[in-house]
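Q:
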Amino acid sequence: MNIKYYFGGFARYATFDGRASRAEFWNFFFFHLFVSLLTPYIDQMFETYSPDGNYGIFNIGYRLIAFLPSLAVGFRRMHDSGKSGVNYIVPIWNIILAVRESEIGENEYGPNPYGINGETEDDLISQIGNES
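Just so we're aligned: the sequence shown equals residues 1 to 132 in our numbering.
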């Protein structure tokens, strides 16, 4: 492991063109993961976490600072494998789509599995059973 790749990622924080080797990407990734796991403990040490105890100023600050360099090194890694940098964010988009609510009514792929009012077949069957 070589920390120079980690600091190099921050030095090239807004460089989305060019290429990043596997060594550059994975070294940046693992050092980033280490710091991300370390910042909550730093917040506990200095008691700078939120009242609910979820996030602290060091954790949030680091994630905000590291967001752009992480994205840039990911884009450059995709370029090195011959793909568009946008492919790096596709998994995030898939998760966003998976947690969204259904489209209301029928669409080109068929009827809404939750019915017209967002009710499932089981809800409708139980309503019919209660009306008797």
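Heads up, the beta-carbon is just placed ideally off N, CA and C, and yes, glycines get one too.
Which of the three DSSP states, helix, strand or coil, is assigned to Tyr114?
A: Position 114 of the sequence shown, counted from the first residue, corresponds to residue 114. Note: Tyr114 maps to coil in three-state DSSP.
Q: Looking at C-beta atoms only, is the number of pairs between the region 30 to 43 and the region 88 to 99 that lie closer than 8 Å three or more?
A: With the cut-off at 8 Å, the region 30 to 43 and the region 88 to 99 do not touch.
Q: Out of Arg100, Ser102, Phe16, which has the shortest C-alpha to C-alpha gap to Phe67?
A: Numbered from its first residue, the sequence shown carries residue 67 at position 67. Checking every option, the nearest Cα to that of Phe67 belongs to Phe16.
Q: Measuring CA to CA, which of Pro113, Arg77, Ala11 is closest to Gly105?
A: Here residue 105 refers to the residue found at position 105 of the sequence shown. Gly105 has its Cα closest to that of Pro113, out of Pro113, Arg77, Ala11.
Q: In angstroms with no decimal places, state the Cα-to-Cα distance between Ala14 and Arg100.
A: For the purposes of this step, residue 14 is identified with residue 14 of the sequence shown, where counting begins at 1. For the purposes of this step, residue 100 is identified with residue 100 of the sequence shown, where counting begins at 1. Distance between the alpha carbons of Ala14 and Arg100 is about 30 Å.
Q: Excluding five sequence neighbours on each side, which residues of the same chain lie with their C-beta closer than 7 Å to the C-beta of Asn59?
A: Looking up residue 59 in the sequence shown gives position 59. The answer, listed in chain order, is Thr39, Pro40, Asp43.
Q: Measuring CB to CB, does Arg138 end up less than 9 Å from Gly18?
A: The structure shown does not extend to residue 138, since the chain is modelled only from 1 through 132, so no value can be given for it.
Q: Nearest-angstrom Cα distance between Phe29 and Gly82?
A: By 1-based counting over the sequence shown, the position of residue 29 is 29. By 1-based counting over the sequence shown, the position of residue 82 is 82. Going from the Cα of Phe29 to the Cα of Gly82 covers about 20 Å.
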